[in-house]
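Visitor: Numbering (our numbering), first residue to last: 26 to 354.
Note that beta-carbon positions come from the ideal geometry of N, C-alpha and C, so glycine has one too.
I'd like to ask you about the structure that follows.
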Ligand SMILES: NC(=O)c1ccc[n+]([C@@H]2O[C@H](COP(=O)([O-])OP(=O)(O)OC[C@H]3O[C@@H](n4cnc5c(N)ncnc54)[C@H](O)[C@@H]3O)[C@@H](O)[C@H]2O)c1
C-alpha cells in the first residue's frame with residue numbers, strides 16, 4: 026500500500042512528456058520493454074499506419090470498405106477480401122458484386138499505397154489459408170487483420186429452417202474464427218499484430234426476429250476475449266468494434282428499418298416505412314440525434330485500434346453507436 030501511494034505520488038510529478046523515465050522522483054521503477062507500451066507522446070501515434078500491411082474481410086462495401094480506405098488514407102497497404110457474390114439464402118441483404126470489390130481497390134489505390142482485392146469465402150478455411158500464405162509472400166508480412174464480413178437474417182426463431190440457423194452462425198462466428206486462426210500465425214511468427222473483430226449492439230442485447238445474428242455477435246465477444254488471452258504473449262492485441270445501426274446494404278430494407286423503430290421503444294410499425302419516416306422516428310430517440318451512422322463513422326475506431334497508440338488495449342470493445350450505448354451498461 027505504502028509503495029503504491031509513493032508510486033502514485035511520484036507519477037503525478039513526473040515529466041508529462043517523457044513517458045519512459047526509469048525513475049520516478051529518483052526511485053527506480055520497473056518499466057515495460059519498448060514493445061509493451063504505447064511509448065512516449067508523439068503527434069499522430071493514434072492514426073499512423075505507414076508501413077503496415079492490413080487485411081480487411083467483407084471489404085467490397087459498407088463498413089469493411091470504409092475501414093480499408095481509411096487504413097489506406099493513413100498510410101497502410103491494404104488487401105480487401107470479399108466473397109462478392111451471394112453468401113446464403115439466410116441473408117436479408119442484396120449480395121455484393123465483383124464491381125463493388127474493384128471499386129474498393131480503386132479507392133484504396135487513390136491514396137497511393139499498394140492494394141489488392143481477393144475474392145474468397147471466410148467459411149472456407151483451406152482457401153483462406155492459401156490466401157494468407159499468398160499475401161504474406163507478396164507483402165512480406167501481415168500486421169493488421171479486420172474480421173468484418175457477416176450476414177444478417179430476419180426471421181422469427183420458431184420459423185427458421187435448420188440450415189438458416191446454421192448458415193448465419195457458420196458465416197459470422199465460424200468465419201470470424203477462421204479469419205483469426207488463419208492470419209494470427211503470420212503475426213505470431215513476427216511477434217506483432219493487431220486483430221479487430223466487428224460485433225454489434227445486437228451482440229449486447231437480444232434481437233427479436235434476428236436471434237441467429239444476435240447469437241453470432243454475442244459469440245464474437247467470447248471469441249475476441251479468448252483470443253486476446255491466448256495471443257497477448259505474442260504482442261498481438263485482439264479487440265472488437267461494436268457499431269450501432271449503420272446505413273449499409275446490410276440494414277437498408279423494410280424489415281430492418283421497421284425493427285430499428287422497435288428497438289427505440291416505439292411500437293414496431295405494421296407496414297413498411299419510407300427511409301425518411303424511419304430516420305425521423307428513430308433520430309428523435311438517439312442522444313446525438315442521428316437515426317443511423319455512416320460507415321465512415323466506424324472506421325476511425327479501427328484506425329485507432331490498429332495504431333501504436335492502442336498498444337496496451339486488448340480484450341476490449343469500442344462502441345460507436347451515436348448514443349445507443351448510453352441506454353445500456
Ligand atoms: N450496418 C449495421 O447497422 C451494422 C451494425 C452493427 C454491426 N455491423 C457489422 O459490421 C460488419 C459489416 O457490415 P455492413 O453493414 O458493412 O454489411 P454489408 O453487407 O454492406 O457488407 C458485408 C460484406 O461482407 C461480405 N461477406 C459476407 N459473408 C462473407 C463471406 N462468407 N466471405 C467473404 N465475404 C463475406 C459481403 O459480401 C459484404 O460485402 C458486419 O460484421 C456487421 O455484422 C453492421
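1. Taking C-beta to C-beta, are residue 196 and residue 242 nearer than 8 Å?
2. When DSSP labels each residue in this structure, what does residue 296 get in the three-state scheme?
3. Roughly how many angstroms lie between the CA atoms of residue 349 and residue 52, to the nearest whole one?
4. As an exercise, report each continuous alpha helix (DSSP H) stretch of at least 4 residues that is fully enclosed by the segment 135 to 183, in chain order.
5. Out of 161, 102 and 209, which one is the CA nearest neighbour of residue 131?
6. If you draw a straight line from the C-alpha of residue 146 to the C-alpha of residue 55, how long is it?
7. May I ask you to report which of helix, strand or coil DSSP gives residue 33?
8. State yes or no: is the C-beta of residue 144 within less than 8 Å of the C-beta of residue 123?
9. At a cut-off of 7 Å, is residue 120 close to ligand 1 when judged by its beta-carbon and the heavy atoms of the ligand?
10. Since residue 271 contacts residue 133 with CB under 8 Å, what's their CB separation in whole angstroms?
11. Which runs of the beta strand (DSSP E) at least 3 residues long sit entirely within the segment 202 to 286? Give them in chain order.
12. Closest by CA to residue 182, which one among 163, 176, 239 and 225?
13. Mapping DSSP to helix, strand and coil, what is residue 97?
14. I think residue 93 touches residue 178, with their Cβ atoms under 8 Å apart; what is that distance to the nearest whole Å?
15. Can you check which of these residues, 110, 137 and 259, is closest to residue 126 by C-alpha distance?
16. Name the residue from 319, 326 and 264 whose alpha carbon lies nearest to the alpha carbon of residue 419.
17. Taking 7 Å as the cut-off, is the CB of residue 325 close to at least one heavy atom of ligand 1?
Guide: On the basis of the coordinates in this document:
1. no
2. coil
3. 46 Å
4. 150 to 164
5. 102
6. 46 Å
7. Because residue 33 carries a pLDDT of 39, less than 50, the predicted location of this residue cannot be relied on, and the following value inherits that uncertainty. Residue state, collapsed to three classes: helix.
8. yes
9. yes
10. Residue 271 to residue 133, Cβ: 20 Å. No contact.
11. 218 to 223 and 261 to 268
12. 239
13. helix
14. Their Cβ separation, rounded to whole angstroms, is 25 Å, which puts residue 93 and residue 178 out of contact at 8 Å.
15. 110
16. Coverage of the chain is limited to positions 26 through 354, which leaves residue 419 absent and any answer about it impossible.
17. no
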